[in-house]
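Scroll down for the structure; my scribbles are underneath it.
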Amino acid sequence: MEDSRIALPIGTALDRFIKSRQTAFPFATGELSQLLRDIALSGKVVNREINRAGLINLAGAAGSENSTGEQQQNLDVLANIRFSRSLEKGGEVCAIVSEEEDEIIEVNRNAHYVVAIDPLDGSSNIDVNVSIGTLFSIYRRVSPEGGPISMDDVLQPGKDQVAAGYILYGSSTMLVFTTGRGVNGFTYDPSLGEYFLSHQNMQIPKDGSIYSINEGSYHSFSQGVKDFVEDCREKGYTGRYIGSLVADFHRNLLKGGIYVYPSISKSPNGKLRLMYECNTLAMLAEEAGGMATDGTNRILDIVPSDIHQQVPFFVGSKHMVERARELIEDAKMVRSSQ
Ligand code: AHG
Ligand code: MN
Ligand code: MN
Numbered sequence: 093m094e095d096s097r098i099a100l101p102i103g104t105a106l107d108r109f110i111k112s113r114q115t116a117f118p119f120a121t122g123e124l125s126q127l128l129r130d131i132a133l134s135g136k137v138v139n140r141e142i143n144r145a146g147l148i149n150l151a152g153a154a155g156s157e158n159s160t161g162e163q164q165q166n167l168d169v170l171a172n173i174r175f176s177r178s179l180e181k182g183g184e185v186c187a188i189v190s191e192e193e194d195e196i197i198e199v200n201r202n203a204h205y206v207v208a209i210d211p212l213d214g215s216s217n218i219d220v221n222v223s224i225g226t227l228f229s230i231y232r233r234v235s236p237e238g239g240p241i242s243m244d245d246v247l248q249p250g251k252d253q254v255a256a257g258y259i260l261y262g263s264s265t266m267l268v269f270t271t272g273r274g275v276n277g278f279t280y281d282p283s284l285g286e287y288f289l290s291h292q293n294m295q296i297p298k299d300g301s302i303y304s305i306n307e308g309s310y311h312s313f314s315q316g317v318k319d320f321v322e323d324c325r326e327k328g329y330t331g332r333y334i335g336s337l338v339a340d341f342h343r344n345l346l347k348g349g350i351y352v353y354p355s356i357s358k359s360p361n362g363k364l365r366l367m368y369e370c371n372t373l374a375m376l377a378e379e380a381g382g383m384a385t386d387g388t389n390r391i392l393d394i395v396p397s398d399i400h401q402q403v404p405f406f407v408g409s410k411h412m413v414e415r416a417r418e419l420i421e422d423a424k425m426v427r428s429s430q
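Quick note: the sequence shown uses our numbering, first residue 93, plus one each step.
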């Protein structure tokens, strides 16, 4: 076994990286390693389907709705099947929470891990060939193995995640993940069918100059969020919003920036889901030296009350997320003194 403190060189294959880091994983039984491999493999399968979606009639709506009442796309349904099947067969998972399923899926009672997953995020971008992603969060169950799954196993705060990551299906496909010891990025080489380490110990710049928010909803933002957007404009920051969470986050992680999905009138708690969108990116952001809040509170401290709970989301460069919080607090003070 290699020493997990020694940085592995660029070009290291994912499998070797996981093996060499295994002793540093919490509980280090090899099960988490296998689980990460299963997710990476399903990502390859989904990547293949995405690449030929236009050819095999996979683009477009499936005619059904997901847990939050949004239109499911064919690829949403397919990605959900691909990931959940491999997690079920893999044997390391006792319960799955998926954006595409109303209820918790109970899997192997003898297994130790709970997975929350958004199998395909940004599905409205599928038809127009824009980058999309998969997000996953992994928790260790708290109830004894062998027994039924309890709500406490599933509704854990993000700070208890043992691993989190995403696959970005972009101009190249990447797997970016953390097991609580930094963030590493792997680029998929389709000709070899393997992911290779391309981004070691990723760090998000403390300051950034990119802000990513759907300004079309400006009129329904709170005064604090409006003030923050105004502040970004005055500073001459660059507005960049793909409308694909993983791609927007990934760009900001590399270049420095903030992604915001605030409370708006049609979604008072924001649009994004705590368990498989916000917590995932919050853990990655903090591991990379960034920050994530709901405007006031640290995302990773929130105890979910529902598997599909939505929260306002501010994530990215530390100083930008702090600035948003400051302006939100100032606006609240002004309101309460009026
Ligand atoms: P999903 O495809 O899982 O429903 O979520 C899409 C999300 C996210 O990717 C993106 O940042 C956001 O929705 C865009 O929403 P708006 O169009 O409201 O800005
Ligand atoms: Mn999503
Ligand atoms: Mn989705």
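Glycine is no exception: its CB is placed at the ideal position from the N, C-alpha and C atoms.
Mind checking whether residue i and residue j have CB atoms under 8 angstroms apart?
i, j, result
"SER336", "VAL222", "yes"
"SER229", "GLU192", "no"
"ILE188", "SER176", "yes"
"GLY272", "ILE394", "no"
"PHE109", "LEU284", "no"
"THR270", "GLY257", "yes"
"PRO404", "GLY387", "yes"
"ILE196", "ILE241", "yes"
"GLN253", "ILE102", "no"
"MET367", "ILE391", "no"
"GLN165", "GLU157", "no"
"MET294", "VAL275", "yes"
On the premise that residue j lies in contact with residue i, defined as a C-beta separation below 8 angstroms, what is that separation, rounded to the nearest angstrom?
i, j, result
"GLN401", "ARG427", "26 angstroms between Cβ atoms; not a contact."
"VAL199", "VAL220", "Wrong, their Cβ atoms sit about 35 angstroms apart, outside the cutoff."
"LEU247", "ALA132", "Contact flag wrong, Cβ pair sits at about 27 angstroms."
"ILE350", "SER397", "That pair is no contact at about 26 angstroms."
"ASN331", "GLU307", "Per the sequence presented here, residue 331 reads as Gly, with Asn not at that position. GLY331 to GLU307, Cβ: 7 angstroms. Contact."
"ASP319", "ARG415", "Contact doesn't hold; Cβ gap of about 10 angstroms is too wide."
"SER112", "LEU124", "Rounded, the Cβ-Cβ distance is 14 angstroms, inconsistent with contact."
"ALA105", "GLU286", "5 angstroms"
"GLY348", "SER355", "Incorrect: roughly 25 angstroms between the Cβ atoms, too far for contact."
Going by alpha carbons, who is nearest to residue i out of the options?
i, options, result
"TYR333", "MET294, GLN315, SER263, TYR353", "TYR353"
"ARG343", "ASP393, LEU260, TYR280, ARG415", "LEU260"
"PRO211", "ARG233, ALA203, ALA171", "ALA171"
"GLY239", "GLU195, ASN361, HIS204", "HIS204"
"ILE173", "GLN163, VAL138, GLU123, LYS327", "VAL138"
"LYS358", "PHE320, ASP340, TYR310", "TYR310"
"VAL206", "PRO282, GLY183, GLY155", "GLY183"
"GLY435", "GLY146, ARG140, ILE142, ASP194", "Nothing can be reported for residue 435: it is not among the residues displayed for the chain, which extend from 93 to 430."
"VAL338", "THR385, ARG233, LEU227", "LEU227"
"GLU141", "ALA153, LEU167, VAL234, ASN361", "LEU167"
"ARG201", "LYS363, ASN276, VAL234", "VAL234"
"LEU114", "LYS347, ALA255, LEU346", "One point to set straight first is that residue 114 is Gln, not Leu, in the sequence displayed. The residue with the shortest Cα to Cα distance from GLN114 is ALA255."
"PRO282", "GLN430, PHE341, LYS136, LEU147", "LYS136"
"LEU345", "LYS363, ILE296, ASP130, CYS370", "ILE296"
"GLU369", "GLY225, SER429, ARG325, ASP244", "GLY225"
"TYR231", "ASN389, LEU128, VAL413", "LEU128"
"LYS181", "ARG325, ASP107, GLN126", "GLN126"
Worksheet item: Can you list, in chain order, the stretches of the beta strand (DSSP E) that have 3 or more residues and sit fully within the segment 102-189?
Response: 153-157, 163-165
Practice prompt. Would you check if the segment 207-217 and the segment 374-385 touch, i.e. whether three or more CB-CB distances between them fall below 8 angstroms?
Written response: No, the segment 374-385 does not touch the segment 207-217.
Worksheet entry | Closer than 6 angstroms: residues whose CB approaches a heavy atom of ligand 4 | Ligand 4 is absent from the structure shown, which contains only ligand 1, ligand 2 and ligand 3.
Worksheet item: So does the segment 298-316 actually touch the segment 409-421, counting three or more Cβ pairs closer than 8 angstroms?
Response: Taking 8 angstroms as the limit for Cβ pairs, the verdict is that the segment 409-421 does touch the segment 298-316.
Worksheet item: What are the complete beta strand (DSSP E) segments, minimum 3 residues, inside the segment 339-406?
Response: 350-353, 383-385
Discussion item. I'd like the ranges of any beta strand (DSSP E) spanning at least 3 consecutive residues and lying wholly in the segment 275-319.
Written reply: 275-281, 286-291, 302-304
Worksheet entry | contact_flag[the segment 307-322, the segment 417-424] where n(CB pairs < 8 angstroms) is 3 or more | Touching, yes, given that three or more Cβ pairs across the two stretches are closer than 8 angstroms.
Fill in: Continuous beta strand (DSSP E) assignments of at least 3 residues falling wholly in the segment 206-272
224-232, 253-261, 265-270
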